[in-house]
Each structure stands twice: as C-alpha cells, then as structure tokens.
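Enquirer: In order, the protein sequences belong to chains S and H. Residues 14 to 263 (my numbering) make up the first sequence, in order. Residues 272 to 793 (my numbering) make up the second sequence, in order. Ideal placement from N, C-alpha and C gives every residue a C-beta, glycine not left out.
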Amino acid sequence: MNGQFYLPATGWFHALDTRIKLCMTLVVVVLCSVWGNWMFLAAMLVVMHVMLLTDHVPARHVGRLWAVLGPLCALVAVIMLLSMNAYGTGVLWQLGWWRVTSQTLMMCLVVVLRIADIVLALFLTLFTTSHADWVRGLTGLHLPLTAARRMARAVNVVPQWFAVFRERRLMRASRGAGGGFAAFGDTWAALRLRERRASVAALTRGAQMHTGSAKPTVMRPAHMRLADWLVLLIVVLVAAGVAAMVALGW
Amino acid sequence: MADIITVMNLGWRYAAPGGGGEPIQGLRDASCYVQQGALAGVIGPTGSGKSTLVKALAGIIPHCTNGSLNGYARIADMNVKSTTVSDLSLRVGYVGQDPRAQLTSPTVAEEIAFPLENRGVEPDEIEARVDDVLAMLHIEDLRERDTATLSTGEMERVAIGAAIAGEPDVLIVDEPASLLDEEGYEDLVNVIDVMRRRTRMTAVLVEQDTRFLAQRADAVFLMVNGEIIRRTTADIFTRERSLLESVGVIVSDQDTTPLVIESDEPDAAGNPAVVFNHVHARYADSPPSNAPQLDDVAFAVQQGDFVAITGGNGSGKSTLTRLINAELRPDRGQIVVNGVDVASRTPVQMAQQVAVVGQHPADMFCAQSVREEIGFGPRALGVDDDEVARRVNEMVRLFDLYDVEDMPAAALSSGEQRAVALACALVMHAPVLVLDEPAAGLDHRLKSRLLNTVARMNQEGTTVIIATEDADLIQRYCSHAARLDQGRLVSYGRVRANGRRFLAPPPVQGVLAASNGKGVAR
C-alpha cells in the first residue's frame, strides 16, 4: 500500500472527470439505497466489476477488497438470519424456535447486495482518482484550493495510516521485536509528526499566502471532455429509468 | 549594495523536550548581513546552530517551532517575527535538511507546481515553469513519479525544484551536498548561477562539504555552539584552516582521488556473508513505465569484508540495503545471508543476523530514553537483563552518551541521533552490519568517531556493508565496493586505496567538546 487508495493506470474510468465519478457514485448509492430490487442490485454489481475490469484495475486489488467485504457481508447475513426469526411466512427450514423463511433469505440477499454495491461504487472512485484528480475535481466544484487539498488528503487517511503502521512494524521487526500491537501506538505519533511536517512544508511553499485579489489556481483545471458528457448522459438516463420503475411500483 | 538579510543579536531557545528537562539554546546573539545577489555559506560542526539560523530566516522559527526568540531578523524587506511563513515564502525559497519532510504532494510535477498554484499563476504558465524547473535540474523523467518512491537524493532535487519554482529573491538550502550526487550538486550550482544572473537571487547554503563555498562564496559565517564566531569571506578556508579543522569543519582537499574499483575474479573458495543472486526489485504498484529499482544485481560479500555500495541518486543503494534484512522482498532473485535464504525468514528472524541503520536514524527510535533505545533490540531478542545492561553501558561509554542517556533520542541533535542509531545496531552483536549513508551531514569529529568504531568492529570480524556516495570515505575504510547505476551493478571488486586510512580525530578536543551543544532538538 502506497499511502493512497489510488492505483495508477490509464484506463477509461481513470480518465473520467472526477466530478462525473462523484456524480456516478452518488447516483449508485442513492438508487441502491432506495430500490430494493435484487435483480437491479445484482446487475449493478456486475456492471461495476465490468467497469473495473475494462479500466484495467489489477484483479488482486479487487480481490483484496472482497477479502474484507466478503466476510463483512457474510457476517451481516448471519446476524440477519439469526435476528429475523419471526419475519415472513414461507418457512424453508426450522430448528426449534429458529426458522428461516424465503422472505428472510430475500431480505438478506438485498441487504448484502446493497452493501456490496455501495462499497464497490465508493472504491471504484477511490481506486481511480489520484490526489491531483481529487483537487482538480473539488476545485471544479468551486471548493477553495486549501479545502480541496485538505479533503483530498482526508480521503486517503486510512491507507496513510496503514502505510505508516507497516513502516513502524517493519522498523520494530528489523530490531528483533515481533507483533504489531506495539507499533499501533507508534503509528499515531508518527502520523501526527508526519502531518505536522507536511503542514510546515506546505507553509514554506506558500499554502496560506496572502496574494491580495489573485486567487490560487491549479496546474490542470477540471475540464469536461465529450466522453465525460456522454457518461453523464448515460448516468442521468439510468437514474431516470430507475426512478420511473420505482414510481411504477416495480 | 543593500543587505537582503539582516540578523542582529538573534537568540533562540528551543522549548524543553517532552518529559521535562531544560530549554536548549539554539542560537546565541547571532548577527550577520548578506548583500543582495551574494552567495553566503554557513559552516560549522554538527549541532552548532546552522540549521536553526536558516530556519529562523525562513520563519519556521519562531512561527512553527516551540521556543523563545529574541533579537531581530529581516529578510527580503520582511521582518521574520511579524511575517507569516507563507508570506515569507513569496520571496524566500527554503529547502530543509530532510527532504522527506518537505514534500507535500503525491507526484513530482504537483510538488513543483504547488508554490505556483498558491501564488495564483495561470495554469499554462505553471506547466511551462514546471517543465523549465525539471529541465534545469535534469529530472524530467521523474515528472509523474510518486514522491514516496523517490530516493532521498531525488527528493532533495525535487524539494530544490519546488523552492526555485517561484523564482525567490533568496534561496536557502540546508546541507545539499550530503544528499546530492556529483551531478545533482553540479545542477544545483548551475541553477544558483543562472538565477543569480537572471534575477539577482541571493543564495544561502549550509554546508559540511566546503568545496563549492571555498571557490565561490561571497560571505562565510562560521558557527560554533549557536554563535556566529566568524563573519568573513571564502579566504577563511586557506587563512584559518586549522581553526576550521579544530571545530570539525572539513576543508576539502583539491586533490581528491577518484574511486577506482578493481575487477576481481570471484573468490570461489571464499566464505560469503551476503550473496545477491540476480536480484530484481520494483516498488509495488509502480507503473510499468518506471524503471525497476534493482535489475539483475549479482555479487557476493565475503565474511569480514568492509563493502561500500555506491552510485548516484536513485541508483538503488538504499533498496539493496533494505533487502538484506527482509525489510523489502525482491521480485526475482535470491539473497542469502550466512547461508540462510532471506526469502524464508521474517525481518524479526533476520535481526539475529543483520543489524541495520537506515538513512534516517530518527525513524528507528521508539523508546523513552537513549538507554532504553539502545537496549531495545537485545531485549527483543531475549537477551537477559544483566547482559543487556552490560551491553548498553558499553555503548554509552563507546559513544560518550553519558550526558544524554536519559533523554529521548528524538530530542537529540542529528549527530547524536546517528551515534545512538549506530549504538542500537552494534549492541545487537549481529555478524552483518548494514549502514545507509552513515556519515551524511556529520562533521569531521563525529564522522571519524563513528566510522573508526565501525572499522574496529569490522577488524573484530563483523561484516560491514555501507551505502554511500563519499569516495574519500570508501577509499579510507572499505575493502570492496559495488557501484550501481540505475539499478544495475556496474562494477564490484576491491577498492584501490588512496594511501590514506581512516579519519584522524580532530586536533583540539577541548574546542570540540565546547562546540557541540548537547541535545539540540529540532
């Protein structure tokens, strides 16, 4: 892990404008939260995997994501099956007081697919958006440059923590000390020190400079290409279609 | 001609390090003046306050450091006390001692663009300026590189690039020679020349390596114990050579002998301590377009050898040293240490065989005091308490750490931190000792003390591998050397000695003891 979620590549999704990716993520999250149609949720999951595949995101990174997401989904399913004892009438299996109905199974499937869809949608954007892309996209949404940089850093705080943790654990290991627990405490201190140094370094490069009327700029400002507009159009059409189906009671 | 830097009776006391203790005097009554367009050098032994002085010029002191300031400092018509660091940066470019702490952006191009974006420069102009800076420093191929994957020398170049991108009136660079290779230093010198001609930029260089300053400096400030004891010109290097040497400043000889590595036949009957068997290494997730860090490196280090791994910035020296104790894993090839395949061992297991001091000693500290720090490794390896105490006492005596043994290692001066880091490695009693740039940024006194100690361990049977670009050091200490270029092994063999063995300790110990203030926290 290099301290950020971003995986360098030159795929089509990497090249999309960050604002479009954010819009797409938002649409997926909202639609999957609103519409509990398992076929739609499963189709979304397939579509997102196809997008990852065609964008040349290395399969091992998708695998790592599923290594965390899979057990999480399984845990949720087990908790639901155990706790939704009285839900539904079509009993498939019964053991004493505990029973499993077809409705419970369907509910589990929908919830698990929802979780997977939402997480995949978020990671699709995180895997394919570099720090520069975040800054460009967020300033394109009229966020001030300093706030955009801060948000871009905040997006990657988890991988940064793990990168520092790995360094600290390795350092201790190279001195003969095993176990990661002791490195846990070191990591917070090292991360704080790193943040402090970065903020001082940013100041020495003029991060909060008073420039009068001149506003900070970005080297490569956000720019919508034809492909970005096309993808946006598709997203809007899909969203409208789903909204119509929901309204029609599908 | 007008002064662009005016420092009058400047004093600075660092706040006491955590856990109590006394505040530490960083600067005492320092006064100096630099004219616009001049090249000024700040020299002095390790811990003499050089970095503190230039941090005060960049505004990091007092605005971003705990402590108390008195006196007056003015730079480019701005009062340091009443101007923010960001506003100072509009006219002052600063490159600190540790380039890792200077980089704020994930890629090289973004890093160099950063100050220009803050100034509100138009995007097209930023692109052009970034290209210009990359070309001036000959780092065009690093343009889209992740800054986390750069070598320390490459980071220094990028930090210099970010500092000059805004065409500052004053450029301050802290100890560039300790991190840059010959080509990198030449590039820096050329950049300074060009910008002095083009914009009448003033340059302030803090240096241990005095070659460039001896030839070109308009003003030289000699610092000892937080005071500027000489405000003079470059003729100090000839006129007061003995004074400089007595305080630990290395006055470079002009007759430096180039490093010659003789091509030996491999010793089939030898007893190898470390074998690199066609090793290939590349950082995880680095794009295929990036060259690998190591490419088909193969050589064997015999037991009891003192081996240097040398080469320019980004040649793969540090990567190679990190493979020896399993800190990094190669993509292909094999590393064998004392008959053990490193691939089959964890770093914890390798700690029995290999003691390592990385390029940044402060990174390895994790205990509350110097004594605990030195005892950490043996304790982790299960050595009993009496033996740990005996070994720690031996190291404290060897490196003369009595005055700082109860202080946190992170609060010590850089020279003392290197001494503690080396003590942490030697105390492990491992048969192989690996040191990455052990003498970078150290004055003559500390350099001779640390390296002579390592040489003594080597004579007692420890195999020593050091990564360094210091040709003189290699010729004085090393039996063999491996030269790397862009990750490939160019030559490996015996070092042709230049007739000078080891560094003599400095002549006047009393002055040194006084010159090296204890525990100058940063």
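1) Taking beta-carbon pairs under 7 Å, can you tell me which members of the segment 213 to 234 of chain S lie near chain H?
2) Could you work out which residue in 592(H), 659(H) and 640(H) is closest to residue 630(H) when comparing CA atoms only?
3) By the criterion of Cβ-Cβ separation under 8 Å, what are the contact partners of residue 173(S) in chain H?
4) Within 10 Å of its beta-carbon, does residue 234(S) have 16 or more other beta-carbons around it, so buried, or fewer, so exposed?
5) Between which two residues does the alpha helix (DSSP H) harbouring residue 396(H) extend?
6) Who does residue 502(H) pair with in a DSSP beta bridge?
7) Which residue wins for smallest C-alpha separation from residue 471(H), given the options 309(H), 408(H), 406(H) and 651(H)?
8) Since residue 185(S) meets chain H, which of its residues come closer than 8 Å, beta carbon to beta carbon?
9) Against chain B, with Cβ distances strictly below 7 Å, would residue 146(S) count as a contact?
10) Using beta carbons (cut-off 7 Å, strictly below), is residue 396(H) in contact with chain S?
11) Just the Cα atoms here: how many angstroms apart are residue 122(S) and residue 63(S)?
12) Look up residue 577(H) in the DSSP assignment and say whether it is helix, strand or coil.
13) State the start and end residues of the unbroken beta strand (DSSP E) segment that holds residue 533(H).
14) For residue 228(S), does the count of other Cβ atoms within 10 angstroms reach 16, so buried, or fall short, so exposed?
15) Could you compute how far the alpha carbon of residue 385(H) sits from the alpha carbon of residue 356(H)?
16) Note down the Cα distance separating residue 20(S) from residue 288(H), rounded to an integer number of angstroms.
17) With a 10 Å radius around its C-beta and 16 neighbouring C-beta atoms as the bar for buried, classify residue 26(S) as buried or exposed.
18) Can you give the beta carbon distance from residue 624(H) to residue 703(H), rounded, assuming they're within the 8 Å contact cut?
19) Less than 7 Å between the C-beta atoms of residue 550(H) and residue 632(H), yes or no?
20) Can the beta-carbon of residue 583(H) be found less than 7 Å from the beta-carbon of residue 478(H)?
21) Does the contact criterion of 3 or more C-beta pairs under 8 Å hold for the segment 375 to 385 of chain H versus the segment 333 to 351 of chain H?
22) In the DSSP assignment, find the alpha helix (DSSP H) that holds residue 486(H) and state where it starts and stops.
23) Which parts of the segment 594 to 670 of chain H are runs of the alpha helix (DSSP H), unbroken and 4 residues or longer, counting only runs that do not cross its ends?
24) Got a sec, what are the start and stop residues for the alpha helix (DSSP H) residue 763(H) sits in?
25) Could you check the C-alpha separation between residue 103(S) and residue 115(S) for me, to the nearest Å?
26) Rounded to whole angstroms, what's the CA-CA distance from residue 324(H) to residue 614(H)? Just pull it up for me.
27) Using three-state DSSP, classify residue 153(S) as helix, strand or coil.
28) Quick check on the DSSP output: the beta strand (DSSP E) that includes residue 341(H) runs from which residue to which?
29) With DSSP as the reference, identify every bridge partner of residue 564(H), one or two as the case may be.
30) For the 8 Å Cβ check, are there 3 or more pairs between the segment 81 to 89 of chain S and the segment 37 to 50 of chain S?
31) Does the CB of residue 375(H) have a neighbour CB from chain S at under 7 Å?
32) How many Å lie between residue 598(H) and residue 671(H) at the Cα?
33) Can you pull the chain H neighbours of residue 17(S), defined as C-beta to C-beta under 7 Å?
34) Let me check one thing: in DSSP terms, what residues is residue 294(H) bridge-paired to?
35) Name the one or two DSSP bridge partners that residue 106(S) has.
Expert: On the basis of the coordinates in this document:
1) 213, 214, 215, 216, 217, 218, 219, 220, 221, 222, 223, 224, 227, 228, 229, 230, 231, 232, 233 and 234
2) Put simply, of 592(H), 659(H) and 640(H) the residue whose alpha carbon is nearest the alpha carbon of residue 630(H) is 592(H).
3) Simply none; closest approach about 10 Å.
4) exposed
5) 394 to 407
6) 492(H)
7) 309(H)
8) Residues of chain H passing the Cβ test: 637 and 651.
9) Annotation note: the requested chain B is absent from the structure, which comprises protein chains S and H.
10) At least 7 Å separates the CB of residue 396(H) from every CB of chain S.
11) 21 Å
12) Of the three classes helix, strand and coil, the one that applies to residue 577(H) here is strand, per DSSP.
13) 532 to 534
14) exposed
15) 15 Å
16) 40 Å
17) Burial call: buried.
18) Right, the Cβ-Cβ distance comes to about 6 Å (below 8 Å), so this counts as a contact.
19) no
20) no
21) no
22) 482 to 487
23) 618 to 621, 641 to 651 and 656 to 669
24) No alpha helix (DSSP H) holds residue 763(H); the beta strand (DSSP E) holding it covers 759 to 766.
25) 6 Å
26) 47 Å
27) Note: residue 153(S) maps to helix in three-state DSSP.
28) Taken as a continuous stretch (DSSP letters only), the beta strand (DSSP E) holding residue 341(H) covers 338 to 346.
29) DSSP output for residue 564(H) lists no bridge partner at all.
30) no
31) yes
32) 30 Å
33) Residues of chain H passing the Cβ test: 377.
34) Note: residue 294(H) sits in no beta bridge, so no partner.
35) Its beta-bridge partners are 113(S).
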